[in-house]
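Numbering (our numbering), first residue to last: 470 to 641. Note that the Cβ used here is the ideal one computed from N, Cα and C, for glycine as well. Note that the structure is a prediction, hence the values are computed from the model and not measured. Here's the structure, in structure tokens; my notes come after.
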Amino acid sequence: THRIKYKITELSAFLLGLVLTFLTAAILISIALLLQDYLYRNTIYPMVTVDKISVGYKKVSDVQDRYDKINTQLARLQLELRYENSPIATHSGELLKLKTDGAQIAQQAYLIARQGNWLTQLKEKLQILLHLRTFEFTSRVEYDETPIVESLKLLELQYNVEPKNALFELKG
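Structure (structure tokens):
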């Protein structure tokens with residue numbers, strides 16, 4: 470009976486050590502997550518990229534400013550339609566309303582580990598904390614195709630000639 474008591478005491482000590490280790494790890498991870506929340510309260514979490522450029526530690530407004538500059542450049546572009554190597558129409562980026570969806574992407578990047586249920590947020594925060602995952606976003610260029618469609622309709626009237634009945638003779 471003395472051996473059995475010793476084994477139970479040994480097992481209890483092992484289980485107690487295991488529980489204390491687990492609790493200590495949980496407390497340390499909780500502290501790290503709270504610190505992470507505090508450090509990134511006004512910025513995008515690290516491990517987040519937009520168009521393969523890291524936007525971690527940046528404010529949403531900084532990312533939006535970058536895409537506003539890109540949108541300014543897109544408005545200055547000239548799109549030239551060509552037929553048989555000759556220009557047939559030119560449209561400005563401003564007329565086509567060329568722009569990126571960068572403002573929307575910046576907002577989505579900020580919401581990583583901040584939206585969804587608490588379990589999803591916890592998972593994303595742990596992935597960031599442990600550098601297990603990079604959250605990647607890709608912007609798109611949006612445009613109004615109406616000016617191009619209208620130009621093509623006008624060009625179609627100009628270049629599409631209705632075929633005439635051909636007169637030919639077969640010999641053979």
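If Val532 and Ala578 are in contact, beta carbons under 8 Å, what's the gap, nearest whole angstrom?
7 Å
Within 9 Å, strictly: CB atoms of Gln547 and Gly562
The Cβ atoms of Gln547 and Gly562 sit closer than 9 Å to each other.
Quick one: is His447 buried, meaning 16 or more other Cβ sit within 10 Å of its Cβ, or exposed?
There is no way to answer for residue 447, as the model of the chain reaches only from 470 to 641.
According to the Cβ coordinates, are Pro556 and Leu550 closer than 9 Å?
yes
Extent of the continuous beta strand (DSSP E) run through Val517:
Val517 to Val519
Less than 8 Å between C-beta atoms, sequence neighbours within five positions excluded: which residues of the same chain meet that for Asp506?
Closer than 8 Å at the Cβ level, and outside the excluded window around Asp506, lie Lys594.
So what does Tyr552 bridge to, in DSSP terms?
Ser555
Indicate whether Thr512 and Lys528 have their beta-carbon atoms separated by less than 9 Å.
Their beta carbons are under 9 Å apart, which means Thr512 touches Lys528 by this criterion.
In the DSSP assignment, what residue or residues form a beta bridge with Glu614?
Per DSSP, none; premise fails for Glu614.
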